[in-house]
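K.L.:
Take a look at the following structure, please.
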């Protein structure tokens, strides 16, 4: 495992500013290590938010699972009350095109800045240590949902993870409530999809059975 150190100068910058800054650099590749270091002490929430947003972009089959793995590890550390993000070295070395990241982030930043202006520290009972344990556990489940090959099943968990990430960064209890509502919506949606698949498989099996 490798410990990710904080980058102090970025602690005074908003999340959106850090996100924008990551798109500019000499290296054409942007690594996960650089991204997490850029967030500094806000590493847990910022990394979950950033990875969730990245997972919402169009990726080849299996691409969502690549983002689910680090989210699961980070959420587990949050639930275990770790002080700072700690990831395997091989995972920190994962990288992708900085130009692609920059193009994608430019589409998100205007809306993200609007959301940032609406969030602030509030309802501390929902953002304390106990809440971090609960949110971390929920984020693990959402990351698992996001990796499932379900139509539109990745978008809902991804958006909900992003909300939880923002809640952790801003210590916003209202955003935690929004994340919990999103989690319920995800669970209902996946339950309906599962029931539909089971019904189709059952009907198909009955149809074949009636042929003989």
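Numbering (this note's numbering), first residue to last: 1137 to 1348.
Quick reminder that beta carbons are idealized off the backbone N, C-alpha and C, glycines included.
Name the DSSP bridge partner or partners of residue 1243?
P.N.:
As a first step, residue 1243 is located in the chain shown; it is residue number 107 there, counting from the start. DSSP lists no partner for residue 1243.
K.L.:
What does residue 1258 pair with, by DSSP beta-bridge criteria?
P.N.:
By 1-based counting over the chain shown, the position of residue 1258 is 122. Residue 1258 pairs with 1308.
K.L.:
Can you give the Cα-Cα distance for residue 1308 and residue 1264, rounded to whole angstroms?
P.N.:
Stepping through the chain shown from its first residue, residue 1308 is reached at position 172. Stepping through the chain shown from its first residue, residue 1264 is reached at position 128. Going from the Cα of residue 1308 to the Cα of residue 1264 covers about 10 Å.
K.L.:
Name the two residues that bound the continuous beta strand (DSSP E) containing residue 1193.
P.N.:
One-based indexing of the chain shown puts residue 1193 at position 57. Segment: none, residue 1193 is in no beta strand (DSSP E) and carries neither H nor E.
K.L.:
Suppose you measure from the CA of residue 1142 to the CA of residue 1284; what does that come to, to the nearest Å?
P.N.:
Translated into the one-based positions of the chain shown, residue 1142 becomes position 6. Translated into the one-based positions of the chain shown, residue 1284 becomes position 148. Its pLDDT being 38, under 50, residue 1142 is placed unreliably in this model, and the value from its coordinates should be taken loosely. Taking the straight line joining both Cα atoms gives about 33 Å.
K.L.:
DSSP three-state call for residue 1284: helix, strand or coil?
P.N.:
Taking the first residue of the chain shown as 1, we reach residue 1284 at position 148. In the structure shown, residue 1284 sits in coil (DSSP, three-state: anything other than H, G, I, E or B).
K.L.:
Distance, Cα to Cα, residue 1169 vs residue 1336?
P.N.:
For the purposes of this step, residue 1169 is identified with residue 33 of the chain shown, where counting begins at 1. For the purposes of this step, residue 1336 is identified with residue 200 of the chain shown, where counting begins at 1. Cα to Cα, residue 1169 sits roughly 44 Å from residue 1336.
K.L.:
Distance, Cα to Cα, residue 1175 vs residue 1157?
P.N.:
Taking the first residue of the chain shown as 1, we reach residue 1175 at position 39. Taking the first residue of the chain shown as 1, we reach residue 1157 at position 21. Distance between the alpha carbons of residue 1175 and residue 1157 is about 11 Å.
K.L.:
What's the gap between the Cα of residue 1151 and the Cα of residue 1286?
P.N.:
The residue given as residue 1151 occupies position 15 in the chain shown. The residue given as residue 1286 occupies position 150 in the chain shown. Taking the straight line from one Cα to the other gives about 30 Å.
K.L.:
Taking residue 1155 as part of the alpha helix (DSSP H), name the residues at either end of that continuous run.
P.N.:
Along the chain shown, one-based indexing puts residue 1155 at 19. That run of the alpha helix (DSSP H) goes 1151-1157.
K.L.:
Report yes or no: do three or more beta-carbon pairs, one from the region 1202-1213 and one from the region 1179-1191, lie closer than 8 Å?
P.N.:
The region 1202-1213 is in contact with the region 1179-1191.
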